[in-house]
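Student: I'd like to ask some things about the structure below.
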Amino acid sequence: PSAKQAISLLRQKGHLPVLNTGRPSGHVDPRLLELDFAGMVCSCGMEVYLEGKPLLQARLPQGLCEKVRSMSRLCRMQVLYEMPDKMLVDGEFSTCPACQAETRRMIARGTPPVVQYDDEPNPEFIKLGAFDGPGCDKKRFLSFMEEYFECIVRSDTFVECVAKGYSKATGMDVLLRHLGLTRKDAVAIGDSMNDLSMFAAAGTTIAMGGCKEGLKPYASYITDTVLNDGIWKALKHYDLI
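Add 27 to a position in the sequence shown, counting from 1, and you land on the number used in my numbering.
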C-alpha cells in the first residue's frame, strides 16, 4: 500500500513515475497497470509510452524471427517467444519443466494469452527467453544469437535475449529527450542485475532491499525491501514525496 501511495504522491508533486520493465506491454501484471504511472518502458526499451501514447514501438524483422526459430529448434533450445500482446510456445520445444512452469504462471495470471507458435498468423516476437532443453547445443545457439541480440544470462539454464541497440537505458533516453530532460533528472530504482543499464542512465540510483549483491556498488542509496515500505522510504529519503 505504501508503494501505491508513494507513486500517487510523486504525480501530485509534479514528478513522472515510470515503470521500466523487461516485459512487453501486454505482459505487465494488471495490478501494476492500476497504479498511477505516467509512462512505461517495456520490452527492455523496445516499447516506450507516456500518458498512454506510444513514443516507440520497435519490432524485429519477420525474417530474423524465422531464423531464430529455426536455430532454436536445430539447437533444441526450449524457448518462450514474447510478442507485445501474447506469449508464443513452440510445441515440443517449450516442454522442459522450467519453461512449462513459466507458461503455467502466465496462464494462471491470464496475462498475456499463451499461443502455439504455428497458430499465430504473424509471429513477429520482440524478445525471447531460452531454457536449456534435453540434448541442447547452447554454445551454437548463443553463437548465432549474439550477432543480433544481447544475451543476458539469468541463470545456469536460462538466457534472456534482447535485440541489440535496446535496453532499459535506451528506453529512458527516449522519454528524457521527449521531455527535454537529461539523465541527471532521472531517478532509477531497481533490484536485479538487468537494472544496471537503467542505473547507468540515471543521476540517482536506488537499490531495493534484498537486491542482487552485484547491484549494490552502483547504487547511490540502498533502501528497505518492497514489503517493508522500501519505495516509500527511498523517495522520502530524497525528498521526492
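Glycine is no exception: its CB is placed at the ideal position from the N, C-alpha and C atoms.
So, R116 versus V141, is the Cβ gap smaller than 8 Å?
Tutor: The amino acid occupying residue 116 in the given sequence is Val; Arg does not appear at that position. Contact flag set, yes.
Student: Near V189, which residues of its chain fall below 7 Å by C-beta distance, leaving aside the five closest residues on each side in sequence?
Tutor: The answer, listed in chain order, is C71, K154, F176, E177 and I179.
Student: Can you give me the start and stop residues for the alpha helix (DSSP H) that G257 sits inside?
Tutor: Element bounds for G257: G257 to H264.
Student: Classify P244: buried if its beta carbon has 16 or more other beta carbons within 10 angstroms, exposed otherwise.
Tutor: Label assigned to P244: exposed.
Student: Going by the CB atoms, is the gap between K239 and M225 shorter than 8 Å?
Tutor: Contact: no.
Student: Please identify the residue among L262, G237, A196 and L254 whose C-alpha is closest to the C-alpha of A228.
Tutor: Nearest option by C-alpha distance: A196.
Student: For I216, which of V186, W259 and D159 has the nearest alpha-carbon?
Tutor: Ranking V186, W259 and D159 by Cα distance to I216 puts W259 first.
Student: Can you name the start and end residues of the alpha helix (DSSP H) that G90 belongs to?
Tutor: Where G90 is concerned, the enclosing alpha helix (DSSP H) stretches over Q89 to L101.
Student: Could you give the DSSP three-state label for V55: helix, strand or coil?
Tutor: Of the three classes helix, strand and coil, the one that applies to V55 here is coil, per DSSP.
Student: Here's the rule: buried if 16 or more other CB atoms are within 10 angstroms of the residue's CB, otherwise exposed. What is P148?
Tutor: Exposed is the call here.
Student: Please state the DSSP three-state secondary structure of F152.
Tutor: Three-state result, F152: coil.
Student: Do three or more CB pairs link the region 129 to 139 to the region 197 to 212 at distances below 8 Å?
Tutor: Segments in contact, no.
Student: Mark A354 as exposed unless 16 or more other C-beta atoms lie within 10 angstroms of its C-beta, in which case mark it buried.
Tutor: An answer regarding residue 354 cannot be provided, because it is not within the stretch 28 to 268 covered by the chain.
Student: Hey, R96 and G162: beta-carbon distance below 8 Å or not?
Tutor: No, they are not a contact pair.
Student: Using the three-state DSSP reduction, which class does A135 fall into: helix, strand or coil?
Tutor: Helix.
Student: Does any heavy atom of the ligand ATP sit closer than 7 Å to the C-beta of F226?
Tutor: For the ligand ATP, the structure offers nothing, since it holds no ligand at all.
Student: By how many angstroms is the C-alpha of D222 removed from the C-alpha of N255?
Tutor: One C-alpha to the other measures close to 21 Å.
Student: Give the straight-line distance between the Cα atoms of A125 and F158, rounded to the nearest whole angstrom.
Tutor: For A125 and F158, the distance between alpha carbons rounds to 7 Å.
Student: Tell me the rounded alpha-carbon separation between Q84 and R167.
Tutor: Rounded to the nearest angstrom, the two C-alpha atoms are 30 Å apart.
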